[in-house]
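The next block holds one structure in the form of structure tokens; read it before the comments.
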Amino acid sequence: MKKTISLMLALLLAVTAAVPAFSAAADDSFGAYEHVFIIGVDGAGAAFEKVDSPNFDRIFADNAYIHNAKTEYITTSAQNWGSILLGVDYETHAMTNDSTEKNPRTSADEYHSIFYYARKAMPDATLVSINHWPNINYGIIENDINVKKINRFTDTLVVDEIIHNITVGKVPELMFVQLDSVDHAAHTYGGFSDEYYAAVAEMDVYLGKIYDAIDSKGLMKNSLFIVVADHGETTNGHGGQTVEESSAVLAVAGKTVNKGLINENAHNRDVSAIALYALGIEQPDVFISSVPEGLFGQAREKTVAENPISTQDKLLDMLLFPFIRGFNLIMPAFSWIYDAYYRAGIFAVFK
Ligand SMILES: [Zn+2]
50 MKKTISLMLA LLLAVTAAVP AFSAAADDSF GAYEHVFIIG VDGAGAAFEK
100 VDSPNFDRIF ADNAYIHNAK TEYITTSAQN WGSILLGVDY ETHAMTNDST
150 EKNPRTSADE YHSIFYYARK AMPDATLVSI NHWPNINYGI IENDINVKKI
200 NRFTDTLVVD EIIHNITVGK VPELMFVQLD SVDHAAHTYG GFSDEYYAAV
250 AEMDVYLGKI YDAIDSKGLM KNSLFIVVAD HGETTNGHGG QTVEESSAVL
300 AVAGKTVNKG LINENAHNRD VSAIALYALG IEQPDVFISS VPEGLFGQAR
350 EKTVAENPIS TQDKLLDMLL FPFIRGFNLI MPAFSWIYDA YYRAGIFAVF
400 K
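Quick note: the sequence shown uses this note's numbering, first residue 50, plus one each step.
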């Protein structure tokens, strides 16, 4: 009897596995996008829901989001950014904060990032990765596939580089960015502190700026804009399995994105499947990430409200812009110092 039941279970599993993850409903999205922008917010968890986030709200009101997508079981940065970028679970890619600090990733490694697949499919594409946490560019994204990699030690500098890379020169086909100040606030003040929530609210301002830089170039006609977190936080850091740690925002905006909540079975690592799907790149067999059911439909006009940022804030931005840009221009000359310090473990305390 036991044998029969196992056999039936195995059969049922085989049938379920044969059903494609994405239903056959009308969907024009495969290859419908020329650009994919992935905005990674380290440690944001489900916190956009907990703060006043007018930019998140206006961008995704007519698009799709979920505040509690599932994370990897180990709620640590490398485990999750690794899965978000490689489309496999952390047990498979086996990357840790420590390993991504020590081992530079190359295309000779067994599992590959979406940048690797994008490079194979689009040899001339502009692929850009701009991060606050250097481990991602060093140990998660391959170093031998011509990805333009930029590391900056404040989110202000990261955001400036993002906007610069969107607005000047060839628009990247694939851009990944990681912002770190939210996680940093949690490590310094605790995950439920006022400072943590203030950092999330500040992040909302950044999201608005980045989205507007894309939209004001007319790029939302053929771009997919994704916001994702690696993990959430607790009072004493992260890595465990509490609801707060293992919830992550996943939000997607684009012309074929259906309006509403993303399927509750979604994982943050589904970003890898969504990105390749949008760019028209076949999903690799090794992927266990998938396009959440019902995410995409047919193209339609979107309604996204104006950025509510005040005139005073805009003026301050305009005044500060030349200084930040100037600083970013001279940064490459000094980045080796930062990298050397980082390799020495000085900044490891931030993760
Ligand atoms: Zn993290």
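Here a beta-carbon is modelled for each residue, glycine too, at the ideal position from N, C-alpha and C.
Item to check | Three-state secondary structure (DSSP) of Ala73 | outcome: The predicted position of Ala73 is uncertain, since its pLDDT is 48 and thus under 50; no value can be drawn from it.
Next on the checklist: Please list the terminal residues of the continuous beta strand (DSSP E) segment that includes Gly89.
Outcome noted: His84 to Val90
Checklist entry - Rounded to a whole number of angstroms, what is the C-alpha to C-alpha distance between Gly131 and Asp388? => result 20 Å
Checklist entry - Hey, would you say the C-beta of Asp232 is under 6 Å away from at least one heavy atom of ligand 1? => result yes
Checklist entry - Around the Cβ of Phe370, are there at least 16 other Cβ atoms within 10 angstroms (buried) or fewer (exposed)? => result exposed
Checklist entry - So which of Ile215, Gly92, Gly343 and Val226 has the shortest CA-CA distance to Asp264? => result Ile215
Item to check | In DSSP terms, what Gln227 is bridged to | outcome: Gly89 and Asn180
Item to check | Proximity of Tyr245 and Ala234 at Cβ, strictly below 7 Å | outcome: yes
Item to check | First and last residue of the uninterrupted alpha helix (DSSP H) at Leu206 | outcome: Asp204 to Thr216
Checklist entry - Considering only C-alpha positions, which residue in the set Leu176, Gly92, His236 and Asn271 is nearest to Asn192? => result Leu176
Checklist entry - Is Asp147 near ligand 1, judged by its Cβ being under 6 Å from some heavy atom? => result no
Item to check | Limits of the beta strand (DSSP E) - the one that Leu328 falls within | outcome: First-last for Leu328: Asp319 to Leu328, but that is the alpha helix (DSSP H), not the beta strand (DSSP E).
Checklist entry - Between the beta-carbon of Ala170 and the beta-carbon of Leu344, is there less than 7 Å? => result no
Next on the checklist: Out of Thr352, Thr205 and His142, which one is the CA nearest neighbour of Val254?
Outcome noted: Thr205
Checklist entry - The beta strand (DSSP E) with Ala302 in it runs from where to where? => result Ser296 to Ala302
Next on the checklist: Can you tell me whether Arg349 is buried or exposed? The criterion is at least 16 other CB atoms within 10 Å of its CB, across all chains shown.
Outcome noted: exposed
Item to check | Same chain only: Cβ atoms within 8 Å of Ser148, ignoring 5 sequence neighbours per side | outcome: Ala127 and Gly188
Checklist entry - Per DSSP, what kind of secondary structure is His316 in: helix, strand or coil? => result strand
Checklist entry - Quick check: the stretch 268 to 275 against the stretch 294 to 301, are there 3 or more CB pairs under 8 Å? => result yes
Checklist entry - Should Trp385 be labelled buried (16 or more other beta-carbon atoms within 10 Å of its own) or exposed? => result exposed
Item to check | Closest residue to Val137 among Ala324, Asp362, Gly346 and Asp319 (Cα-Cα distance) | outcome: Asp319
Checklist entry - Going by Cα to Cα distance, which pick from Ser339, Val353 and Phe86 is closest to Lys308? => result Val353
Item to check | Cβ shell of Glu293 (< 7 Å), same chain only, five flanking positions each side left out | outcome: Gly94, Gly240, Gly281, Glu282 and Thr283
Item to check | Rounded C-alpha distance that separates Lys304 from Tyr390 | outcome: 43 Å
Checklist entry - Since Leu38 is in the beta strand (DSSP E), which residue starts that stretch and which ends it? => result Any question about residue 38 goes unanswered here, given that the chain covers just 50 to 400.
Checklist entry - Could you give the distance in angstroms between the alpha-carbon of Ser242 and the alpha-carbon of Phe86? => result 30 Å
Checklist entry - Between the beta-carbon of Ala96 and the beta-carbon of Val226, is there less than 7 Å? => result no
Checklist entry - If you draw a straight line from the C-alpha of Ile115 to the C-alpha of Phe105, how long is it? => result 12 Å
Checklist entry - In whole angstroms, what is the alpha-carbon distance linking Gly286 and Ile379? => result 34 Å
Checklist entry - Does at least one heavy atom of ligand 1 sit under 6 Å from the Cβ of Ser126? => result yes
Next on the checklist: Looking only at its chain, what residues have a beta carbon closer than 7 Å to the beta carbon of Asn184, apart from the 5 residues adjacent to it on each side?
Outcome noted: Ala127, Asn146, Thr149 and Glu150
Checklist entry - What is the C-beta distance between Ile88 and Asp209, in whole angstroms, given that I count them as a contact (C-beta under 8 Å)? => result Their Cβ separation, rounded to whole angstroms, is 14 Å, which puts Ile88 and Asp209 out of contact at 8 Å.
Next on the checklist: Just checking Asp91 against ligand 1 - is the residue's beta carbon closer than 6 Å to any of the ligand's heavy atoms?
Outcome noted: yes
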